[in-house]
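Novice:
There are 2 protein chains.
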Amino acid sequence: MTTSAKTAFPGDRELVLTRLIDAPRDKLFRAWTEPKLIKQWFAPLPWTISAVELDLRPGGSSLFVMRDPDGNEFPNPGIYLEVVKNERLVFTDAFTRAWEPSEKPFMTAIVTFEDEGGKTRYTARARHWTVADREAHEKMGFHEGWGQCADQLAALVAKL
Amino acid sequence: MTTSAKTAFPGDRELVLTRLIDAPRDKLFRAWTEPKLIKQWFAPLPWTISAVELDLRPGGSSLFVMRDPDGNEFPNPGIYLEVVKNERLVFTDAFTRAWEPSEKPFMTAIVTFEDEGGKTRYTARARHWTVADREAHEKMGFHEGWGQCADQLAALVAKL
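As you go down the protein sequences, you meet chains A and B in turn.
The first sequence: position 35 = 602 (this note's numbering), numbered continuously.
The second sequence: position 12 = 579 (this note's numbering), numbered continuously.
1) Could you check the C-alpha separation between Leu587/A and Cys716/A for me, to the nearest Å?
2) Indicate the three-state DSSP secondary structure (helix, strand or coil) for Ala703/B in the structure shown.
3) How big is the Cα-Cα spacing for Asp682/B and Thr697/B?
4) Relative to the C-alpha of Ala721/A, which residue among Ala661/A, Pro644/A, Asp700/A and Arg688/A is closest?
5) Given a limit of 7 Å on CB to CB distance, which residues of the region 690-721 of chain A reach chain B?
6) Classify Thr636/A as helix, strand or coil using the three-state DSSP reduction.
7) Who are the near neighbours of Leu623/B in its chain, counting only those whose CB is closer than 7 Å to its CB and skipping five residues on each side?
8) Could you work out which residues of chain A lie near Gly578/B, taking near to mean beta carbons separated by less than 7 Å?
9) By how many angstroms is the C-alpha of Pro613/A removed from the C-alpha of Leu621/B?
10) Around the C-beta of Ile661/B, are 16 or more other C-beta atoms found within 10 angstroms, so that it is buried, or is it exposed?
11) For the region 652-667 of chain A, enumerate the residues whose C-beta is nearer than 9 Å to any C-beta of chain B, in chain order.
12) Quick one: what's got a C-beta closer than 6 Å to Gly676/A's C-beta in the same chain, skipping five residues either side?
13) In angstroms with no decimal places, state the Cα-to-Cα distance between Asp700/B and Gly714/A.
14) Under the DSSP definition of a beta bridge, which residues are partnered with Asn643/A?
15) Is the beta carbon of Leu538/B less than 8 Å from the beta carbon of Asn643/B?
16) For a cutoff of 8 Å on Cβ pairs, would you count Gly645/B as touching chain A?
17) Determine the extent of the alpha helix (DSSP H) in which Ala598/B is found, giving its start and end residues.
18) Reducing DSSP to helix, strand and coil, say where Leu720/A ends up.
19) Buried or exposed, going by whether 16 or more other CB atoms sit within 10 Å of the CB of Glu711/A?
20) Comparing alpha-carbon positions, which option in Glu654/B, Phe680/B and Met674/B lies nearest Pro668/A?
21) Counting only Cβ pairs nearer than 9 Å, list the residues of chain A close to Glu649/B.
22) Is the Cβ of Thr675/B closer than 8 Å to any Cβ of chain A?
23) Less than 8 Å between CB atoms is the rule here; does Pro672/B satisfy it with respect to chain A?
24) Can you tell me whether Gln607/B is helix, strand or coil according to DSSP?
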């Protein structure tokens with residue numbers, strides 16, 4: 568984990584999910600960065616991912632289109648702020664592309680992969696600009712949704 | 568100028584100042600990135616800059632402390648999103664450091680330096696998350712303040 572991930576950030580604006588996953592860091596990083604793998608775990612079933620477009624570099628765009636069971640699609644455009652292979656990804660919806668402020672900056676996600684006893688400590692942090700947004704994100708089901716996705720991720724990397 | 572600076576961004580969320588300055592790009596870039604030079608032009612007199620701390624890299628922190636004629640100080644913390652020597656600087660107050668969302672994302676500044684007929688086309692864009700913030704920034708005196716600073720900048724680089 569880098570220094571910036573360890574700094575104290577106000578807990579009332581942050582949500583954190585962490586798991587110890589029995590797979591090496593590079594497989595988790597692949598599952599987070601290869602579109603055909605992302606589609607297999609990144610939405611909590613029965614939601615699915617109908618499209619993924621990634622430009623993996625600081626300032627590069629990311630687009631995840633989520634589809635609900637009725638077929639309604641929800642695009643999530645954003646950009647990467649930091650990309651460190653097999654270690655760390657940071658992305659945000661505060662910009663729709665470099666450097667165009669979005670209409671509503673909601674969160675910045677920091678995902679880290681660390682060696683821990685032969686497995687990988689997987690941590691996903693969602694940091695918000697306001698306490699209200701953190702609360703809304705929690706009520707939207709952050710822990711359940713990201714938790715279910717983490718289960719799907721662990722099942723996927725076990726097969727890679 | 569890179570593609571991203573040329574894209575159409577909604578004019579009601581953007582403020583732009585541009586000048587043709589009779590100096591090469593590298594001197595303008597130095598004036599924007601060397602603390603002892605920044606202090607000589609970056610605040611519209613009689614305001615001054617009392618402190619500057621820069622970590623010139625994507626994700627690096629920037630701090631400009633402005634001082635009014637009565638000695639009151641106004642720190643402006645932010646981070647760099649993009650640093651391209653002699654060409655381009657992008658910074659924002661949406662993060663206080665990498666990657667900690669600030670309490671109020673107000674603007675992202677894009678500063679570009681381009682060759683034009685033996686001089687340099689200097690352009691500073693301020694992009695906002697809301698129309699209200701763009702309007703507030705304009706009423707705070709964006710054009711007068713940045714304009715006066717551009718005059719101070721041009722006078723400084725003429726002596727470098």
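Beta carbons are placed, not taken as given, at the ideal position from N, Cα and C, and that holds for glycine.
If you're wondering where the values come from, they're calculated on a predicted model, not measured in any experiment.
Specialist: Inspection of the coordinates gives the following:
1) For the purposes of this step, residue 587/A is taken as the residue at position 20 of the first sequence. For the purposes of this step, residue 716/A is taken as the residue at position 149 of the first sequence. Rounded to whole angstroms, Leu587/A to Cys716/A spans 14 Å at the Cα level.
2) Position 136 of the second sequence, counted from the first residue, corresponds to residue 703/B. Looking at Ala703/B - three-state DSSP - the assignment turns out to be helix.
3) Counting from 1 along the second sequence, the entry for residue 682/B is found at position 115. Counting from 1 along the second sequence, the entry for residue 697/B is found at position 130. For Asp682/B and Thr697/B, the gap between their C-alpha atoms comes out near 32 Å.
4) The residue you call residue 721/A lines up with position 154 of the first sequence. Comparing alpha carbon positions, the residue from Ala661/A, Pro644/A, Asp700/A and Arg688/A closest to Ala721/A is Arg688/A.
5) Residues of the region 690-721 of chain A whose Cβ lies closer than 7 Å to any Cβ of chain B, in chain order: Arg694, His695 and Trp696.
6) In the first sequence, counting from the first residue as 1, residue 636/A sits at position 69. Checking the displayed sequence, the identity of residue 636/A turns out to be Pro instead of Thr. Coil at Pro636/A, not helix or strand.
7) In the second sequence, the residue the question calls residue 623/B occupies position 56. For Leu623/B, where only same-chain residues beyond five positions count, the Cβ hits under 7 Å are Thr600, Tyr647 and Val650.
8) Here the question's residue 578/B lines up with position 11 in the second sequence. For a Cβ distance threshold of 7 Å, nothing in chain A lies close to Gly578/B: the least Cβ distance comes to about 13 Å.
9) By one-based count along the second sequence, residue 621/B stands at place 54. By one-based count along the first sequence, residue 613/A stands at place 46. In a straight line, the C-alpha of Leu621/B is about 47 Å away from that of Pro613/A.
10) Your numbering for residue 661/B matches position 94 in the second sequence. In the sequence on display, residue 661/B carries Ala and not Ile. It is buried - the Cβ of Ala661/B has at least 16 other Cβ atoms within 10 Å.
11) Answer in chain order: Val657, Thr659, Ala661, Phe662, Arg664, Ala665, Trp666 and Glu667.
12) As a position in the first sequence, residue 676/A is number 109, starting the count at 1. Per the sequence shown, the amino acid found at residue 676/A is Ala instead of Gly. Phe658 and Ala693, listed in sequence order.
13) For the purposes of this step, residue 700/B is taken as residue 133 along the second sequence, with counting starting at 1. For the purposes of this step, residue 714/A is taken as residue 147 along the first sequence, with counting starting at 1. So the alpha carbons of these two residues sit roughly 37 Å apart.
14) For the purposes of this step, residue 643/A is taken as residue 76 along the first sequence, with counting starting at 1. Partner(s): Phe631/A.
15) Coverage of chain B is limited to positions 568 through 727, which leaves residue 538/B absent and any answer about it impossible.
16) As a first step, residue 645/B must be located in the second sequence, where it is residue number 78. Not closer than 8 Å to any Cβ of chain A, the Cβ of Gly645/B fails to qualify, so no.
17) Your numbering for residue 598/B matches position 31 in the second sequence. Start and end: Arg592 to Thr600.
18) As a working note, residue 720/A is residue 153 in the first sequence. Helix, per DSSP.
19) Within the first sequence, numbered from 1, the residue matching residue 711/A stands at position 144. By the C-beta density criterion, Glu711/A is exposed, having fewer than 16 other C-beta atoms within 10 angstroms.
20) For the purposes of this step, residue 668/A is taken as the residue at position 101 of the first sequence. Considering only Glu654/B, Phe680/B and Met674/B, the residue with the shortest C-alpha distance to Pro668/A is Met674/B.
21) Residue 649/B sits at position 82 when you count from the first residue of the second sequence. Correct list: Pro625, Gly626, Ala665 and Trp666.
22) On the second sequence, residue 675/B is found 108 positions in, with the first residue counted as 1. Yes, its Cβ sits closer than 8 Å to a Cβ of chain A.
23) Counted from its first residue, the second sequence places residue 672/B at position 105. Yes, because at least one Cβ of chain A sits closer than 8 Å to the Cβ of Pro672/B.
24) Position 40 of the second sequence holds residue 607/B. Coil, per DSSP.
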